[in-house]
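For my numbering, add 25 to where a residue sits in the sequence shown, where the first one is 1.
To keep things clear, I will list the structure first and then write my remarks on it.
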Amino acid sequence: MTALAERPHMLQQQMSLDLFEELARIAMHHDDGPRLEFIDGRLGVKAMANGDHGRFIQWLTRLCLQARPELWVHPEQGLCVGAYRGGRARPDGMLAPSDAFVGAGEWADPDPVLMTVEVTSYDSDADRRDRRGKPRAYAEAGIPVYLLIDRDSCEVKVFSQPDGVRYEQVQIIPFGKEVHLPDPVNLTLDTEPLKNWVS
């Protein structure tokens with residue numbers, strides 16, 4: 026294991042989907058275990074959320090529930106994303122029917138998902154993971170809308186119209202303005218409160 030630790034690129038080249046899923050299951054059963062993802066053939070560790078991070082998801086959950094009570098923002102459900110190397114992602118939240126993942130297991134099919142949500146973490150991998158890898162993976166999976174709440178730039182980024190490779194539309198709105206989430210979400214959000222939770 027020391028040889029692999031010294032050469033992490035070898036682990037990434039040799040990582041199979043089965044090995045990833047076994048590692049993810051083991052990590053999930055430890056209190057301090059990392060949240061693992063496998064996007065574009067690369068093993069990633071997602072930073073643990075802090076209180077401010079969670080507040081963004083609470084805000085979104087409340088607004089979505091008020092406007093679309095038949096839907097729910099599901100936190101942390103694993104998704105099968107991307108055709109390339111059998112990707113696995115664990116979004117901060119997903120807007121889908123409330124019973125969409127009943128009996129689905131750890132890695133669910135993305136078909137019922139209307140929107141995935143990520144809130145950037147203050148870690149060195151946020152740019153590669155949330156701003157580049159996730160949009161591609163979610164577009165490949167055909168998820169209609171990807172909402173990125175970017176705490177570094179204080180912007181909300183709405184990706185829509187996936188073409189199977191990328192999102193064709195990207196809307197960037199600074200915190201404090203209203204943002205419209207397109208169909209099939211069809212919801213307008215006032216982002217003014219987001220200014221209060223950036224630390």
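Note that beta-carbon positions come from the ideal geometry of N, C-alpha and C, so glycine has one too.
Annotation for asparagine 211: no residue places its beta carbon closer than 6 Å to its own, counting only its chain and skipping 5 residues before and after. Counting C-beta pairs with one atom in each stretch, the segment 158-165 and the segment 119-133 have fewer than three that are closer than 8 Å, which means they do not touch. Unbroken alpha helix (DSSP H) stretches of 4 residues or longer found wholly inside the segment 84-165: 159-165, given in chain order. Under the DSSP assignment, valine 195 falls in the beta strand (DSSP E) whose first and last residues are 192-199. In this structure, the beta-carbon distance from proline 209 to leucine 139 falls below 8 Å. Counting along the chain, the unbroken beta strand (DSSP E) around lysine 182 starts and ends at 180-187. Under DSSP, the beta-bridge partners assigned to threonine 213 are His205. Non-local C-beta neighbours of threonine 86 in its own chain, meaning closer than 6 Å and more than five positions away in sequence, comprise Val98, ordered along the chain. Straight-line measurement puts the Cα of phenylalanine 200 at about 22 Å from the Cα of proline 100. If the five residues before and after glycine 167 are omitted, its C-beta is found closer than 6 Å to the C-beta atoms of Pro187, all from its own chain and listed in chain order. For aspartate 177, there is no enclosing beta strand (DSSP E), as DSSP marks it with neither H nor E.
Check the Cα spacing between phenylalanine 81 and each of Glu203, Pro207, Val190, Asp175: the tightest is with Asp175. Beta-bridge annotation (DSSP): leucine 173 is paired with Glu143, Lys182.
For isoleucine 82, the secondary structure class from DSSP, reduced to helix, strand or coil, is helix. The residue among Pro135, Asp77, Cys179 with its C-alpha nearest the C-alpha of tyrosine 171 is Pro135. Annotation: glutamate 180 to glycine 111 spans about 30 Å, alpha carbon to alpha carbon. Close CB contacts of threonine 141 within its chain, under the 6 Å cut and outside five residues either way in sequence, are with Pro116, Met119, Tyr163, Ile168, Tyr171 (chain order).
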